[in-house]
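Engineer: Quick note: the sequence shown uses numbering that gives the first Met the number 0, first residue 0, plus one each step. Using N, Cα and C, we set each Cβ at its ideal position, and we do this for glycine too. Take this structure, written in structure tokens, and hold onto it; I'll ask about it next.
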Amino acid sequence: MTVLPDAPRATDPDILALREEFGNSPESLLDALRALKQRRGSLDRETLRELARVYDVPAERVAGIVSFYSLLSTGGRDETTLRVCDGIACWMAGAGRIRNELESTFSGLQIERNSCLGLCDRAPAAICGGRQFGPISGSSDPRDGSEWTAGLPPLRAGETRFALRRATSGKGAAFERARVPALSPEHIFEMLDAADLRGMGGAGFPAAKKWRWAAAAEGIEKFVVCNADESEPLAFKDRVLIDADPRRILEGLRIAGHAIGARTGIIYIRGEYEPQAQRLEQAIADAEAEGWLGCAPNERGISFRVSVHRGAGAYICGEETALLESLEGKRGEPRARPPYPIQTGFRGQPTLVSNVETLAMAAAICDYGLDEFVALGTHGSPGTKLYAVLGRVQNPGLFEAPRGLTLRQIIEDFGGGMRDGNRFAFALVGGAAGTFADASRLDHRLDFGHADDILPMGTGAVLVADESVSILAALREVLHFFESESCGKCTPCRIGTGETRFILDRILARQGNDRDLQRLESLSRTLTLSLCGLGTSVPLPIASALRHFRPDFESLIGEKG
Numbered sequence: 000m001t002v003l004p005d006a007p008r009a010t011d012p013d014i015l016a017l018r019e020e021f022g023n024s025p026e027s028l029l030d031a032l033r034a035l036k037q038r039r040g041s042l043d044r045e046t047l048r049e050l051a052r053v054y055d056v057p058a059e060r061v062a063g064i065v066s067f068y069s070l071l072s073t074g075g076r077d078e079t080t081l082r083v084c085d086g087i088a089c090w091m092a093g094a095g096r097i098r099n100e101l102e103s104t105f106s107g108l109q110i111e112r113n114s115c116l117g118l119c120d121r122a123p124a125a126i127c128g129g130r131q132f133g134p135i136s137g138s139s140d141p142r143d144g145s146e147w148t149a150g151l152p153p154l155r156a157g158e159t160r161f162a163l164r165r166a167t168s169g170k171g172a173a174f175e176r177a178r179v180p181a182l183s184p185e186h187i188f189e190m191l192d193a194a195d196l197r198g199m200g201g202a203g204f205p206a207a208k209k210w211r212w213a214a215a216a217e218g219i220e221k222f223v224v225c226n227a228d229e230s231e232p233l234a235f236k237d238r239v240l241i242d243a244d245p246r247r248i249l250e251g252l253r254i255a256g257h258a259i260g261a262r263t264g265i266i267y268i269r270g271e272y273e274p275q276a277q278r279l280e281q282a283i284a285d286a287e288a289e290g291w292l293g294c295a296p297n298e299r300g301i302s303f304r305v306s307v308h309r310g311a312g313a314y315i316c317g318e319e320t321a322l323l324e325s326l327e328g329k330r331g332e333p334r335a336r337p338p339y340p341i342q343t344g345f346r347g348q349p350t351l352v353s354n355v356e357t358l359a360m361a362a363a364i365c366d367y368g369l370d371e372f373v374a375l376g377t378h379g380s381p382g383t384k385l386y387a388v389l390g391r392v393q394n395p396g397l398f399e400a401p402r403g404l405t406l407r408q409i410i411e412d413f414g415g416g417m418r419d420g421n422r423f424a425f426a427l428v429g430g431a432a433g434t435f436a437d438a439s440r441l442d443h444r445l446d447f448g449h450a451d452d453i454l455p456m457g458t459g460a461v462l463v464a465d466e467s468v469s470i471l472a473a474l475r476e477v478l479h480f481f482e483s484e485s486c487g488k489c490t491p492c493r494i495g496t497g498e499t500r501f502i503l504d505r506i507l508a509r510q511g512n513d514r515d516l517q518r519l520e521s522l523s524r525t526l527t528l529s530l531c532g533l534g535t536s537v538p539l540p541i542a543s544a545l546r547h548f549r550p551d552f553e554s555l556i557g558e559k560g
């Protein structure tokens, strides 16, 4: 009996088209998967096997990527899936109740939770089919075509705009020093150093030091990456900067590339920011048409190209090494350090990763001058900062003001004071990975450093609560976020975030005991052993809540252990 070989299997034409569009490198796997998900609504096992075959990678790698990113791993087409934010700002605005109402009201519309969407100024918020909505209600139906149109927040009394000045004035022309940088790299480093410009993504590392190290690094090629992943709950400043003045970010990238000797800039933007990604792509196209991006060389003979890379839903990709893994088409899991990205980054080459606000501020300093920037600060802290004040205040939103404001100034002078005359109970300062502050710290200032009268700046976000909000319930929501977004690579973070959330659930149900408080303290110490900033940041809100609000915990505990 003659056994005939199987006929060659025809390759899926959609996948072949994606390979033509995005390239056949494994780096483009994430782009291809995002496009397939958008077209087909779900990614079945056969589709993933076919994609793996076409890209010549193990099928397990493709399946691992899909399971890692939230925008890929859930079913349903983007156009018929409403993702309702359950970040802490939206939680405080009633997002959980509204999600339940939506589920019981609309058929044919898949309702899913989503970690913070970066739309905290529009809480409660949602996305559907790449469109952003907020504030939503239990009767909001994205299929009716309505959509929130982003814009520059109105100017507040006392606000000082520096990074946002050009957007405020309406003058959008790029400045000449960004087109053909006239400043030497050393001069740029000296200005950033004198300005005390920090990494504004939350870490606060001195920008001048990081940029100098990147300039001194040796490699075949260098890269500048703009971190626009902004997935930290309460943070949305980068989104506003992109909406208001995307060219300013491109100018910052060009200046950074000039300073360190890089020819390529990449903007890594979170997948939930589709309108902002399109805005950046249009700004890049305009800049290339004008000749100051693309093939146009600067005075050192270096051309500079910029591209936009979309993430697919993973908070951990805000950590710079996880971001680089994602850029290379992998699961966004953090790398062990050292080596650091400035030594071995994207494609193993020296890579400078800087936040959107950091790059925008650097460009504005080069534009308007160092002296003006330094003169704007307070308490010996130069320059301005983008702040967000949210929650139970009269006038929530984003504003730009001198660095070093006190918590009281943020709430009263810029937030309009407490809503409905209610009493201040606490504030979460710096983002989800921030510090809970009580009334005794209202006159502490937000800044970088570790003085007794300083609250950690973090992202510059402040969530204000009155006495109707439980500190334990707020902490529980923060831990729910970290548990949901842990990549699972490190045991302390994978297990510790879930256990802390479980303990808080038990205490809130009045089933806890004082051993639970000891366990929370122990877990917060263990979490510092995690590999990246996600795990090591979780102890900050836990420790500050226990330190300043211990009676609130003890009042819910029955049995004494």
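1. Whole angstroms is fine: what's the gap from Leu545's alpha carbon to Leu163's?
2. For Leu29, which residues from the same chain have a beta carbon less than 7 Å from its beta carbon, with the 5 sequence-adjacent residues on both sides left out?
3. Kindly indicate which three-state DSSP category Val56 falls into: helix, strand or coil?
4. Per the DSSP calculation, Lys384 is bridged to which residue(s)?
5. I need the DSSP call for Phe413, collapsed to helix, strand or coil.
6. By a C-beta neighbour count over all protein chains shown, 10 Å radius and 16 as the cutoff for buried, is Ser536 buried or exposed?
7. Using DSSP with H/G/I as helix, E/B as strand and the rest coil, what is Val468?
8. In terms of DSSP beta bridges, what is Gln37 paired with?
9. Is it right to say Ser467 is buried, meaning 16 or more other beta carbons lie within 10 angstroms of its own, or is it exposed?
10. How should Ala6 be labelled, buried or exposed, when 16 other C-beta atoms within 10 angstroms of its C-beta is the threshold for buried?
11. What's the gap between the Cα of Phe132 and the Cα of Trp147?
12. Can you give me the start and stop residues for the beta strand (DSSP E) that Tyr267 sits inside?
13. In terms of residues, what are the limits of the alpha helix (DSSP H) holding Pro141?
14. So what does DSSP say about Val463, is it helix, strand or coil?
15. How long is the line joining the alpha carbons of Leu516 and Ile502, rounded to whole angstroms?
16. Cβ atoms of Leu279 and Pro333: under 9 Å apart, would you say?
17. Counting only runs of 4+ residues fully inside the region 104–167, write out the alpha helix (DSSP H) ranges in chain order.
18. I need the DSSP call for Ser66, collapsed to helix, strand or coil.
19. In whole angstroms, what separates the C-alpha of Pro184 from that of Gly344?
20. Looking at C-alpha atoms only, which residue of Leu249, Arg76 and Glu356 is the closest neighbour of Gly200?
21. Assess contact between the region 25–41 and the region 58–73, defined as three or more Cβ pairs (one per stretch) separated by less than 8 Å. Is contact present?
22. Sort His547, Gly251, Cys492 and Ala313 by Cα distance to Ile268 and report the nearest one.
23. Helix, strand or coil: how does DSSP classify Phe447 here?
24. Sort Gly331, Ser523, Gln277 and His186 by Cα distance to Thr496 and report the nearest one.
25. Whole angstroms is fine: what's the gap from Ala424's alpha carbon to Gly416's?
26. Of the residues Pro349, Ala234 and Gly150, which one's Cα is nearest the Cα of Glu220?
27. Excluding the 5 residues preceding and the 5 following Gly563 in the sequence, name in chain order all residues of the same chain whose CB lies nearer than 6 Å to its CB.
28. Residues bridged to His308 by DSSP?
29. Assuming Arg82 is part of the beta strand (DSSP E), what are its boundary residues?
30. With a cut-off of 8 Å on the beta carbons, I'd call Ala124 and Ile135 a contact; round off their distance for me.
31. Let me check one thing: in DSSP terms, what residues is Cys225 bridge-paired to?
32. What first and last residue would you give for the beta strand (DSSP E) that runs through Ile341?
33. Hey, would you say Arg38 sits closer than 9 Å to Asp13, going by beta carbons?
34. Can you tell which of Asp237, Ala255 and Gln275 has the C-alpha that lies nearest to the C-alpha of Lys209?
35. When DSSP labels each residue in this structure, what does Pro538 get in the three-state scheme?
36. May I have the straight-line CA-CA distance separating Ser69 from Gly270, to the nearest angstrom?
Structural biologist: Let me spell this out:
1. 38 Å
2. Ile64, Ala311, Ser325 and Gly328
3. coil
4. Ala400
5. helix
6. buried
7. coil
8. Paired residue(s): none; Gln37 is not in a bridge.
9. exposed
10. Note on Ala6: pLDDT 43, under 50, position unreliable in the model; the coordinate value appears next. Exposed, by the Cβ-count rule.
11. 5 Å
12. Thr263 to Ile268
13. It is not in any alpha helix (DSSP H) - Pro141 carries neither H nor E in the DSSP assignment.
14. strand
15. 9 Å
16. no
17. none
18. helix
19. 21 Å
20. Glu356
21. yes
22. Ala313
23. coil
24. Ser523
25. 13 Å
26. Pro349
27. Because the chain here runs from 0 to 560, residue 563 falls outside it and cannot be looked at.
28. Tyr267
29. Thr80 to Cys84
30. 7 Å
31. Ile266 and Ser353
32. No beta strand (DSSP E) holds Ile341; DSSP gives it neither H nor E.
33. yes
34. Ala255
35. helix
36. 10 Å
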